[in-house]
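Quick note: the sequence shown uses this note's numbering, first residue 135, plus one each step. From the three backbone atoms N, C-alpha and C, an ideal C-beta is built for every residue, glycine too.
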Amino acid sequence: MSESRHTYWSRQIDGLAAEISRLCIVCDIQMLEPGVAERVLKGDQSVCGRRNPEVFEKIRRHLMAFFQVEEKAIHRLGADEVQIILDEVRASITRLRNATG
């Protein structure tokens, strides 16, 4: 596998995840909790601790894009490599959430 390909997909996934995480802070959505991403994709705004319909819709659109990028990355890199990227991104999101309270 080419390191540049790995870096490309890592940047794509990390960029979307970071933006989703920032937006989730605005709406107080606990995205890493089981079932929350699915509820957001279905348009269930009850997952929001703070109501902000415009930001919620941005989260939903970014989340759809995230899953599309993830699928393409799996096709290009393989599931194991993408899982490593996702684990790193998840750890980064957790650190960000913990830092902001």
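Assuming residue i contacts residue j under a Cβ cut-off of 8 angstroms, what Cβ separation, rounded to an integer in Å, is found between them?
i	j	result
Val189	Leu157	5 angstroms
His238	Leu150	This structure cannot speak to residue 238, because the chain is shown only from 135 to 235.
Ala207	Trp143	4 angstroms
Pick from the options: whose alpha carbon is nearest that of residue i?
i	options	result
Arg194	Trp143, Arg145, Ile147 and Ile154	Ile154
Glu172	Met198, Asp162 and Asn186	Met198
Phe200	Asn186, Ile219, Gln179 and Asp214	Ile219
Cys161	Ser180, Trp143 and His140	Ser180
Arg224	Ile159, Lys176 and Met165	Met165
Asp148	Asn232, Glu204, Gly212 and Leu211	Glu204
Thr228	Arg145, Ile159, Lys192 and Asn186	Ile159
Gly177	Pro168, Ala233 and Pro187	Pro187
Glu191	Trp143, Val174, Pro168 and His140	Val174
Please give the ranges of any alpha helix (DSSP H) in the stretch 164 to 230, keeping only runs that are unbroken, at least 4 residues long and fully inside the region. Runs of the alpha helix (DSSP H) inside the stretch 164 to 230: 170 to 175 and 187 to 211.
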